[in-house]
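>
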Amino acid sequence: MSELLDHLLATPLLAIALTLAAYFTGDRLFRLVGAPSWCPPILVAALLLAGVLALAGIDYADYREGAGWLMLLLGPATVALGLPLYQQMGRIRALWRPLLICLPVASGMAALYAVAIAWLLGASPEVLASLAPKSVTAPIAIGITEQLGGSVALMMGGLLLTGVAAIGFVDLGSRWLGIRDERLLGLALGINGHALGTVRAFEIGPTAGAFASLGMSLTGILTALLLPLAWRLPGLVG
Amino acid sequence: MAVMRGFLWLLGFLLLGDVLVTLTGLPVSAGVAGMLLLTFWLMLRGTVSRDITAAAQPLINVLAMLIMPGVVGVFFILDTLSGQWAAILGALVGGTLLSVFTTLWLMRRLIGREEPGRE
Chain A
900 MSELLDHLLA TPLLAIALTL AAYFTGDRLF RLVGAPSWCP PILVAALLLA GVLALAGIDY
960 ADYREGAGWL MLLLGPATVA LGLPLYQQMG RIRALWRPLL ICLPVASGMA ALYAVAIAWL
1020 LGASPEVLAS LAPKSVTAPI AIGITEQLGG SVALMMGGLL LTGVAAIGFV DLGSRWLGIR
1080 DERLLGLALG INGHALGTVR AFEIGPTAGA FASLGMSLTG ILTALLLPLA WRLPGLVG
Chain F
3 MAVMRGFLWL LGFLLLGDVL VTLTGLPVSA GVAGMLLLTF WLMLRGTVSR DITAAAQPLI
63 NVLAMLIMPG VVGVFFILDT LSGQWAAILG ALVGGTLLSV FTTLWLMRRL IGREEPGRE
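Sequences listed follow chains A and F, in order. The numbering of the first sequence is this note's numbering, which starts it at 900 and goes up by one. The numbering of the second sequence is this note's numbering, which starts it at 3 and goes up by one.
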């Protein structure tokens, strides 16, 4: 049995098939239970996948090596977000001034709140470095975490939870505050919930999706530029 | 074939972004550089080819699936993080709650007001 498994894991095919199967099963289950917005299909899919790997006795490192082929597509997928960005350029341009103020403040807050809370609750420096880029899209966040000396696995888990939480809280917040403007919802989802929030924003509508792409990419760029600098400040003082 | 031609375009911009990031040392990922280059190029051209749409849309739709392999890793390091759970969960959930509300509040103040006059 384990020999067969080793044989199948020699190519990336099994890892890719498992990921796809978990994704579509998660999506199916999600729809079966009435598509609750507080529990996105990706959370179900990730739990399923982790369960299958654990049950089948597949080492995560082996799985990751194969599924890395799938993650390679994150590059072209990020580039693809340039398309909705272009399509909504007119609306984005009309708002350039408020966006110029909102985006740096909001994306800075996304990192600051998390680091401050974790620090107050006594997290180790490694954990702090893994949580700081929690609202940044995966391909950029991996680079930031490595630079700060955090754990990529913890950061990715944090990314999932942040995405899920952001989707839920934007839903809640928009109802409380009575916000229906797709541009606002999209921005809030993209800035706080990276790719997962952006996917959710496209479900709301194309305008929300484009503003989420904008929020996600600018949060990524700003955080990548500023976080490593901000990280050195406490070191200078101490 | 349109999908493959479009995919080649996306790869082209990704590689171009990679070259740019590597040469200039900008702390941005190749994907984001490629995305901005693509946006810029589409603005210059003023239209989107059907090839690019055919490749971009499906990729955007499965964005969430593409980060799954990395995300699942956290379930396998759970025991190394014992004792820090309160800090981690508090930071992720509490931090996201605060930042979502800050964002919505700030945006509504700045953008919500501009709305009636502009559109």
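Glycine included, each C-beta is placed from N, C-alpha and C at the ideal position.
Anything in chain A within Cβ reach of F:ALA32, meaning under 9 Å, just list it in chain order.
Correct list: GLY974, THR977, VAL978 and PRO1038.
> Would the beta-carbon of A:VAL978 be found less than 6 Å away from any heavy atom of the ligand PLP?
For the ligand PLP, the structure offers nothing, since it holds no ligand at all.
> With a Cβ-Cβ cutoff of 7 Å, do F:THR98 and A:ALA1094 count as a contact?
In this structure, A:ALA1094 does not lie closer than 7 Å to F:THR98 by Cβ.
> Check whether the region 1066 to 1077 of chain A and the region 1039 to 1046 of chain A touch, using three or more Cβ-Cβ pairs below 8 Å as the test.
At 8 Å Cβ cutoff, the stretches do not touch.
> Do you know whose CA, among A:THR1122, A:ALA1022, A:ALA979 and A:LEU1125, lies nearest A:GLY1108's CA?
Considering only alpha carbons, the answer is A:ALA979.
> Once the 5 residues before and after A:PHE1110 are set aside, which same chain residues still bring their CB inside 6 Å of it?
For A:PHE1110, where only same-chain residues beyond five positions count, the Cβ hits under 6 Å are ARG1082, GLY1085 and LEU1086.
> Please report the straight-line C-alpha distance between A:VAL1026 and A:ARG927, rounded to a whole angstrom.
Those two C-alpha atoms are separated by around 34 Å.
> How long is the line joining the alpha carbons of A:GLY1021 and A:PRO1127, rounded to whole angstroms?
Each residue's alpha carbon lies about 21 Å from the other.
> With a threshold of 7 Å between beta-carbons, can F:VAL102 be considered close to chain A, or not?
Judged by the 7 Å Cβ criterion, F:VAL102 is in contact with chain A.
> If we cut at 7 Å on Cβ distances, does F:GLY119 have a partner in chain A?
Its pLDDT being 39, under 50, F:GLY119 is placed unreliably in this model, and the value from its coordinates should be taken loosely. No - not a single Cβ of chain A is within 7 Å of the one on F:GLY119.
> Which residues in the same chain have their Cβ closer than 7 Å to the Cβ of A:ILE1120, if we skip the five residues on either side of it in sequence?
Result list for A:ILE1120: empty, nothing under 7 Å.
> Can you tell me where the alpha helix (DSSP H) with A:LEU1001 in it begins and where it stops?
Sequence check: residue 1001 of chain A is Cys here, not Leu. Start and end: 995 to 1019.
> Starting from the beta carbon of A:ILE941, find every residue of chain F whose beta carbon is closer than 9 Å, and list them in chain order.
What A:ILE941 touches in chain F: ALA66, MET67, ILE69, MET70 and VAL73.
> List the whole-angstrom C-beta distance separating A:GLY1096 from A:GLY1057, where the pair is believed to meet the contact cut-off of C-beta under 8 Å.
In fact, because the Cβ distance is near 14 Å, the residues do not count as touching under 8 Å.
> Does DSSP put F:MET70 in a helix, a strand or coil?
Helix.
> Can you tell me which of F:ILE90, F:LEU12 and F:VAL95 puts its alpha carbon nearest to the alpha carbon of F:LEU44?
Taking only the C-alpha atoms, the option nearest F:LEU44 is F:LEU12.
> With F:THR55 as the anchor, note down where its alpha helix (DSSP H) starts and where it stops.
Note, F:THR55: alpha helix (DSSP H), 52 to 63.
> Helix, strand or coil for F:GLU121, going by three-state DSSP, please let me know.
Low confidence applies here, because F:GLU121 scores a pLDDT of 40, under 50, leaving its location unreliable; read the following figure in that light. If DSSP states are grouped into helix, strand and coil, F:GLU121 belongs with coil.
> Does the contact criterion of 3 or more C-beta pairs under 8 Å hold for the region 1032 to 1040 of chain A versus the region 969 to 989 of chain A?
Contact holds: three or more Cβ-Cβ distances are below 8 Å.
> To the nearest whole angstrom, what separates the beta carbons of A:ALA918 and A:LEU969, a pair I think is in contact under 8 Å?
The displayed chain sequence assigns Thr, not Ala, to residue 918 of chain A. With 8 Å as the limit, A:THR918 and A:LEU969 qualify as a contact, their Cβ atoms being about 6 Å apart.
> Once you ignore the five residues that flank F:LEU16 on each side, which residues in its own chain have a CB closer than 7 Å to its CB?
So the list reads ALA32, GLY33 and GLY36, once near-sequence residues are dropped.
> My parser needs the alpha helix (DSSP H) runs of 4 or more residues fully inside the region 1028 to 1061 of chain A; what are they?
Within the region 1028 to 1061 of chain A, the complete alpha helix (DSSP H) runs of at least 4 residues are 1037 to 1047.
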